[in-house]
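As structure tokens, the structure follows; a few thoughts come after it.
In my numbering, the protein residues as written are 42 to 754.
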């Protein structure tokens with residue numbers, strides 16, 4: 042892109058004779074093969090980064106040369122790499138605004154530097170506009186940290202790394218072994234008032250150790266830490282240290298370790314807390330350890346250690362890939378790309394090969410992650426506190442949609458290049474808006490729902506024990522065809538048989554007694570007849586129970602029984618399923634469908650396809666058999682739950698592996714063509730083809746469902 046060498050404001054600074062303050066220390070860094078210079082103001086503790094071409098001029102600011110002389114000298118030495126007059130003015134303004142450059146500045150020249158000073162005021166205004174996140178410096182901890190320097194060298198050494206890997210690695214392995222205990226009712230436990238109170242107490246302690254880790258890491262590589270204080274986040278005081286001295290470290294590994302020190306400390310504390318949590322009884326100590334685990338893992342990975350958020354992980358990534366100011370420059374690059382597409386001239390923030398790819402990826406990924414995180418946090422909080430969740434949702438919309446649109450419109454209106462390219466800009470924006478509206482509201486996309494299913498017996502298919510007893514005989518051959526009423530399995534109960542023989546003997550005795558007194562003593566005969574009828578009724582009851590011990594087929598089909606020889610001699614309770622009579626023909630396949638998909642299946646189903654989970658699956662067309670009314674937590678089959686190899690999360694409080702964590706709907710389908718023999722328990726992948734819909738319709742439907750689930754709207 043064409044660079045404008047001269048500036049209309051040059052005459053205001055050309056005659057200045059600035060001088061660089063001696064208190065400024067200079068550090069030379071190499072980013073992607075190009076040298077850069079970091080100016081360290083030891084009095085203020087601020088760092089300023091400049092390119093080699095720009096900084097080559099700073100060394101000539103000795104109070105004897107004018108700005109114009111220095112710039113012309115740079116033109117002779119650097120040629121096309123020399124900075125433009127506007128870049129020199131910006132460079133002077135930044136140094137002057139921070140006090141690193143001394144010069145006699147006239148009121149007119151002061152106006153040139155107003156933009157840099159205004160940036161400082163905007164930083165103050167941002168702090169005042171966010172009263173829930175303000176810093177209060179307390180004291181200079183450098184002397185205390187210097188006394189702890191031997192400890193810092195021990196911690197950030199090879200042996201320190203070995204200890205950290207051993208403890209955190211063992212903690213990770215232990216967490217995997219105890220995943221059920223850790224994840225059970227996590228939302229209820231984390232958001233419970235008692236847990237929140239414990240976290241409020243634990244977080245400042247962890248934050249103190251977190252910041253101490255940063256301070257010790259800075260001292261390990263010879264840096265200075267001159268500020269420690271309190272940062273108030275939602276009125277909660279949290280300690281912080283100023284570790285900006287690490288910016289001057291020549292080694293990118295040292296800078297990365299300083300950035301990672303806090304995350305390393307929190308993960309180490311989380312591992313120690315896990316070991317204690319597993320050993321102690323429920324109580325305050327166990328609750329405190331649980332809070333440390335949550336804060337040291339989930340919050341660390343989602344926030345502090347995540348490079349897409351501007352916390353420790355961001356600075357680690359920025360140092361490792363050698364792209365300073367990655368977030369700001371990514372946004373600037375996206376803005377430059379937008380201006381370029383509209384024909385507005387602007388200077389690209391790319392200064393080295395390979396940076397454009399990082400700017401594109403990070404600019405879009407960080408924006409998408411912030412939106413995703415806002416949605417997840419809002420829904421997570423709304424599940425326990427709907428009102429607070431609603432406030433967070435409104436704030437997220439304001440912060441991520443309304444304000445960016447207002448700021449973008451303001452930039453376009455105030456950008457000098459906008460006036461000369463007004464027609465093209467308007468046409469471009471209108472075209473992009475129309476294309477976006479068409480893509481969101483006019484394009485219908487295919488919609489599908491994928492779930493797992495398993496072949497199950499029909500209602501008359503299961504063969505269940507009609508009474509308790511031992512399995513003594515398999516009357517039908519497994520795999521053979523049977524008809525309704527055929528005997529399949531015989532049970533026996535020795536206790537019942539003994540009692541029946543006693544009742545049978547009593548009946549015989551009563552009959553003999555009746556023959557003796559029937560004609561000689563009519564009154565006694567009446568009493569004996571009553572006792573005889575009672576004994577005969579008891580015998581009939583035993584015979585009825587004996588009939589239930591012969592299990593019969595409830596329908597025509599194939600008799601299926603797994604491991605029949607293992608069932609012989611087994612004692613079973615009443616209602617225990619021992620076998621199945623599967624009808625010949627297509628099997629019945631039951632699926633557990635989540636609530637968000639059931640409405641579309643009911644109203645917009647266009648087709649069903651299933652794949653048996655086999656080495657060589659063949660897709661099969663199927664039809665909907667039924668949808669069981671009403672949501673339930675009861676799974677159609679244990680194989681659909683996570684403990685049985687399925688994908689439906691189970692309720693950790695249940696013991697029968699048949700209770701899902703979230704309500705589901707049972708949907709039964711039947712293949713249209715089926716030539717294989719019946720096989721119960723076979724797994725399938727089911728695809729429900731639904732009517733296509735636009736992204737806008739999907740968004741509206743999703744928002745309505747989330748509002749109903751979390752807010753009761």
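Glycine included, C-beta positions come from ideal geometry on N, C-alpha and C.
Whole-Å CB distance - residue i paired with residue j, under 8 Å assumed
i	j	result
residue 383	residue 462	6 Å
residue 255	residue 299	6 Å
residue 365	residue 90	6 Å
residue 266	residue 243	With 8 Å as the limit, residue 266 and residue 243 do not qualify as a contact, their Cβ atoms being about 24 Å apart.
residue 712	residue 661	5 Å
residue 626	residue 715	6 Å
residue 528	residue 591	5 Å
residue 98	residue 115	5 Å
residue 618	residue 503	5 Å
6 Å Cβ shell around residue i - same chain, five flanking residues per side excluded
i	result
residue 268	178 and 283
residue 49	none
residue 524	597
residue 374	390 and 400
residue 262	290 and 295
residue 56	107
residue 38	As displayed, the chain neither begins before 42 nor continues past 754, which places residue 38 out of reach and without an answer.
Of the listed residues the options, nearest to residue i (C-alpha basis)
i	options	result
residue 388	741, 715, 684 and 124	124
residue 103	534, 142 and 498	142
residue 620	516, 692 and 542	516
residue 595	323, 507 and 694	507
residue 250	479, 393 and 281	281
residue 489	650, 503, 79 and 412	650
residue 434	414, 712, 200 and 410	414
residue 332	379, 396, 246 and 54	246
residue 699	114, 680, 713 and 285	680
residue 465	493, 242 and 380	380
residue 533	721, 185 and 609	609
residue 252	272, 548, 703 and 664	272
residue 755	419, 410, 221 and 134	Here the chain has residues from 42 to 754 only, and residue 755 is not among them.
residue 46	546, 120, 682 and 503	120
residue 538	579, 569, 130 and 504	579
residue 236	503, 445 and 329	329
residue 732	686, 617 and 638	638
residue 505	445, 531, 409 and 396	531
residue 215	130, 318 and 190	318
Neighbourhood of residue i by C-beta distance below 8 Å, restricted to the same chain and skipping five residues each side
i	result
residue 735	481, 482, 483, 484, 485 and 486
residue 705	633, 634, 635, 636, 672, 673, 674, 676 and 689
residue 213	312
residue 572	551
residue 558	565, 566 and 569
residue 407	349, 350, 368 and 371
For residue j and residue i, the rounded distance between their alpha carbons
i	j	result
residue 169	residue 352	With a pLDDT of 41 at residue 169, under the threshold of 50, the modelled position of this residue cannot be trusted; read the value that follows with caution. C-alpha separation (whole angstroms): 21 Å.
residue 522	residue 623	9 Å
residue 512	residue 648	45 Å
residue 755	residue 710	Lying outside 42 to 754, the shown extent of the chain, residue 755 is not represented and no answer is given.
residue 192	residue 307	18 Å
residue 473	residue 400	22 Å
residue 588	residue 554	30 Å
residue 96	residue 78	7 Å
residue 743	residue 315	37 Å
residue 600	residue 585	24 Å
residue 496	residue 520	17 Å
residue 514	residue 656	37 Å
residue 544	residue 574	12 Å
residue 386	residue 471	20 Å
Cβ-Cβ distance between residue i and residue j below 9 Å
i	j	result
residue 348	residue 358	yes
residue 59	residue 108	yes
residue 51	residue 122	no
residue 304	residue 346	yes
residue 729	residue 646	yes
residue 403	residue 361	no
residue 239	residue 323	no
residue 724	residue 631	no
residue 309	residue 417	no
residue 350	residue 343	yes
Own chain, CB closer than 7 Å to residue i, minus 5 neighbours either side, in chain order
i	result
residue 201	195
residue 270	176, 177, 178, 179 and 281
residue 702	690, 691 and 692
residue 738	none
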